[in-house]
Amino acid sequence: MHHEVPFRALTLAEFNERLASSDPVPGGGSASAVAASLAASLVAMVAELSKRPKYMDHSALHAVVQARGRDLADRLLTLADEDSAAYGAFAEAMKLPKESDDEKEARSGAMRASARVAAEVPLRCVEACLEVIQAAESLAGRCNMNASSDLSVASLLAEAAARGAGANVRVNLPSVGDEAWAVETETRVAGLLLEITEAATSCRDVVASGGLRSPVPVSVPMPMPT
1 MHHEVPFRAL
11 TLAEFNERLA
21 SSDPVPGGGS
31 ASAVAASLAA
41 SLVAMVAELS
51 KRPKYMDHSA
61 LHAVVQARGR
71 DLADRLLTLA
81 DEDSAAYGAF
91 AEAMKLPKES
101 DDEKEARSGA
111 MRASARVAAE
121 VPLRCVEACL
131 EVIQAAESLA
141 GRCNMNASSD
151 LSVASLLAEA
161 AARGAGANVR
171 VNLPSVGDEA
181 WAVETETRVA
191 GLLLEITEAA
201 TSCRDVVASG
211 GLRSPVPVSV
221 PMPMPT
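Numbered according to the working numbering, the sequence shown terminates at residue 226, and the numbering increases by one at each position without gaps.
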């Protein structure tokens, strides 16, 4: 069930072959994280392409976003592996013996613990997707206009990835066996997805308008990860 080689070490063709195979991992959670990593790389690219005299007013933003995009792309590739590992652990827990009462109790405990991790990993992916989209939105109207359509692509990929990861969080909540935590996590996911939709829509609207926006302090569009 566990893959030995990190997904980042595979070619795209090899990763897609793994995805298409009957092995349950990688699955939708890992695919979502990889899609979001592509979005993050596109954001870094647009920032890099914007380092021109014409856009000097935004040079501090470009430097921050370029570094942030690369960092997020790296983090999301790691999350792709973590998602598969989390699912693998849950699948292993389900295979534990359940003959005696002690065995049943041990199996239930292992399933609850692994389900929690299987919810927490895609939750981190949703959080990272918000950061990707916030970075893309901050560049809209403040970047090389010839590359701005790539921000729209990034926002679409990251928004889709966030919804996919969010679905993976939600599917694991009933198995955690902690109602209060499940409610809290569901609320967190719903709030993140709302923020993501708003920021992604804003990004695409600004790009579509073709207008330029005034400079911003880099601390405003680039919040630190929660």
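Each residue gets a CB set at the ideal place from its N, CA and C atoms; glycine is no exception.
Cutting at 6 Å between CB atoms, please list the residues of its own chain near V165, excluding the five before and the five after it. Residue mapping note: residue 165 aligns to position 165 of the sequence shown, counting from 1. It is Ala, not Val, that sits at residue 165 in the sequence shown. Contacts found: S32, P122, C125, V126.
From K54, S50, R70, L193, residue whose alpha carbon lies closest to that of H62: Numbered from its first residue, the sequence shown carries residue 62 at position 62. Comparing Cα-Cα distances from H62 to each of K54, S50, R70, L193, the minimum goes to S50.
Starting from D150, trace the alpha helix (DSSP H) in both directions and tell me its first and last residue. Against the sequence shown, residue 150 aligns to sequence position 150. Here the alpha helix (DSSP H) through D150 covers 149-172.
With 16 other CB atoms within 10 Å as the buried threshold, where does A135 fall? Here residue 135 refers to the residue found at position 135 when the sequence shown is read from its first residue. With 16 or more Cβ atoms within 10 Å of its Cβ, A135 is classed as buried.
Contact check, V206 vs R213 under 8 Å by CB: the rounded distance? Within the sequence shown, residue 206 is the residue found at index 206, counting from 1. Within the sequence shown, residue 213 is the residue found at index 213, counting from 1. Sure, about 7 Å apart at Cβ, within 8 Å.
What is the residue span of the alpha helix (DSSP H) that V87 lies within? As a working note, residue 87 is residue 87 in the sequence shown. It should be pointed out that residue 87 corresponds to Tyr in this sequence rather than to Val. Looking at the DSSP string, the run of the alpha helix (DSSP H) that includes Y87 is 59-94.
E17 classed as buried or exposed, judged by whether at least 16 other C-beta atoms fall within 10 angstroms: Within the sequence shown, numbered from 1, the residue matching residue 17 stands at position 17. Flag for E17 reads exposed.
Whole-angstrom distance between E186 and A39, CA atom to CA atom: As a position in the sequence shown, residue 39 is number 39, starting the count at 1. As a position in the sequence shown, residue 186 is number 186, starting the count at 1. Cα to Cα, A39 sits roughly 25 Å from E186.
I'd like to know whether the C-beta of L10 is nearer than 7 Å to at least one C-beta of chain B. This model lacks chain B altogether, as it is built from one protein chain only.
Start and end of the alpha helix (DSSP H) containing P217? Position 217 of the sequence shown, counting from 1, holds the residue named residue 217. Element bounds for P217: n/a, residue is neither H nor E.
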